[in-house]
């Protein structure tokens, strides 16, 4: 059982400065959206979403030319950054684009041995109306990149 | 001039609150809880799955820019073993001055990997930030193997035990507050007045191989979706109330647990580490331990002594009824 307080006076100066600096950094990163991991800007679903969605999808291509959607959750964790990387994909250098695509293609071949190519599409659609559990239909689908 | 003085006065009041005497047992409970939480989180296969990622997919932020690729499996496994061992030793209170910083550095490195896949990953941010004030604090003076080994008498309340815990509590309450604050700043009231949450849930379900039934159900009922969005924002923005209205924790701790459960059920996003960090820091485990001990002797104190936090010198820890 604890007893009575042994020191209610001033705390150590170094502890006070540590707390001040740590909390100041925490607040500054939080307000200004600075990402200094583990300090963060706490932008958690903070941007307004609309009914109109733009999404990136990848299709694998079989030798017969048939396309099949690739779910990146079927790949190992290291390869699941597809939806996070694709919004900035067009800004990459050609060699970096090719290397990125090749990395996903080689991993896709582990789960679909016959894959000859992978294609990235920018898909745009309205969330409503729905057809069952999915959107009724995509509004547009533009091929943005492919590699084999 | 007057405004400046008022601001200094306000900061002074906050600082006095932070540096009030605190219970060594409450601080030890935070050490045990956060270290066990970290041990479980760091033991996941996630980090080994990220190891050896092709360099083209590596998107480092913060200190991870010092690496030009994801570390190899051998390095990751070594760090994982050291970090989990350090977590368990720190939880037990063995060489905590050394093992706690080692555990934290290991967690920082491994979660730095996880946040290098294309965007900041917040799933483990809260325990990582909450441990920072404990790194250099005397967290193992009680409820530890080192204290048991040395057979030291239980120390008295001291500001040495108060400030680390209260700083961690500010960080946790502040994390929720700023999550809500940024929603309002970047989106305004439309965050909960528009169909925003419905579109988030529909989009998450549409991006999954299997539709998420609960998300579709909720998104299909606009009134319910608006209510959930408003409640989310209210819980986040009002969370700092627990710092000076201790009884509010009876609402906020279950509320954030429900919030994260709801996020998991509708979006499949694992924020359990946030909920557990709030539970570890805002439940007065020293009082709970006393109550359990007294219950075993047939002397159960009134429930009102179990105020979830004691901001004014941990009164409940020395047996006085909580004042608010």
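Residue numbers (this note's numbering), protein chains in the order written: chain A, 132 to 279; chain B, -15 to 308.
The C-beta atom is built at its ideal place from N, Cα and C for all residues, glycine as well.
A quick note: this is a predicted structure, and the numbers were derived from the prediction, not measured.
Could you spell out where the alpha helix (DSSP H) holding residue i opens and where it closes?
i	result
residue 251(B)	233 to 251
residue 254(B)	It is not in any alpha helix (DSSP H) - residue 254(B) carries neither H nor E in the DSSP assignment.
residue 202(A)	Counting along the chain, residue 202(A) falls outside any alpha helix (DSSP H), and DSSP gives it neither H nor E.
residue -13(B)	-14 to 2
residue 182(B)	180 to 190
residue 220(B)	206 to 222
residue 238(A)	225 to 242
Checking contacts by CB at 8 Å: is residue i closer than that to chain B?
i	result
residue 117(A)	No answer is possible for residue 117(A): it lies beyond the span of chain A, which begins at 132 and ends at 279.
residue 134(A)	Because residue 134(A) sits at a pLDDT of 46, beneath the cut-off of 50, its placement in the model cannot be relied upon, and the following sentence gives the value as read from the coordinates. It does; some Cβ of chain B falls within 8 Å.
residue 146(A)	yes
residue 279(A)	no
residue 182(A)	yes
residue 155(A)	no
residue 204(A)	yes
residue 201(A)	no
Assign residue i to buried or exposed, taking buried as 16 or more other Cβ atoms, counted over all protein chains shown, within 10 Å of its Cβ.
i	result
residue 237(A)	exposed
residue 111(B)	buried
residue 271(B)	buried
residue 274(A)	exposed
residue 181(A)	exposed
residue 240(B)	buried
residue 270(A)	exposed
residue 199(A)	exposed
residue 242(A)	exposed
Considering only the alpha carbon of each residue, which of the options lies closest to residue i?
i	options	result
residue 14(B)	261(B), 276(B), 275(B)	261(B)
residue 194(A)	245(A), 258(A), 161(A)	245(A)
residue 117(B)	-13(B), 246(B), 3(B), -6(B)	3(B)
residue 143(A)	164(B), -10(B), 5(B), -8(B)	5(B)
residue 277(A)	163(A), 231(A), 219(A)	231(A)
residue 216(A)	156(A), 176(A), 189(A), 163(A)	189(A)
residue 177(A)	169(B), 207(B), 107(B)	169(B)
residue 92(B)	102(B), 77(B), 71(B), 75(B)	71(B)
Check whether the Cβ of residue i lies closer than 8 Å to any Cβ atom in chain A.
i	result
residue 269(B)	no
residue 210(B)	no
residue 16(B)	no
residue 224(B)	no
residue 264(B)	no
residue 243(B)	no
residue 239(B)	no
residue -4(B)	no
The beta strand (DSSP E) spanning residue i covers which residue range?
i	result
residue 130(B)	Counting along the chain, residue 130(B) falls outside any beta strand (DSSP E), though it belongs to the alpha helix (DSSP H) covering 129 to 134.
residue 108(B)	Note, residue 108(B): premise wrong, no beta strand (DSSP E); not H, not E.
residue 249(A)	248 to 257
residue 189(A)	183 to 192
residue 275(A)	269 to 278
field: Where the region 150 to 169 of chain B meets chain A: residues whose CB sits under 7 Å from a CB there
entry: 151, 154, 155, 158, 159, 162, 163, 166, 167
By the 8 Å beta-carbon criterion, what residues does the region 20 to 49 of chain B contribute toward chain A? 30, 33, 34, 35, 36, 37, 38, 39, 40, 41, 43, 45, 46, 47, 48
* Asked: Listed in chain order, which residues of the region 54 to 66 of chain B have Cβ atoms closer than 9 Å to some Cβ of chain A?
  -> 54
Report the residues of the region 161 to 175 of chain A with a CB closer than 8 Å to any CB of chain B, ordered along the chain. For chain B, the residues of the region 161 to 175 of chain A that bring a beta carbon within less than 8 Å of one of its beta carbons are 161, 162, 164, 166, 167, 168, 169, 170, 171, 172, 173, 174, 175, in chain order.
For this session: Taking only beta carbons into account, state which residues of the region 131 to 143 of chain B come closer than 8 Å to chain A, listed in chain order.
Result: 138, 139, 140, 141, 142, 143
Relative to chain A, which residues along the region 99 to 116 of chain B have a C-beta separation below 7 Å, given in chain order?
99, 101, 102, 103, 104, 106, 109, 112, 113, 116
* To do: Scan the region 223 to 248 of chain A for residues whose Cβ lies nearer than 7 Å to a Cβ of chain B and list them as they occur along the chain.
  => 227, 230, 231, 234
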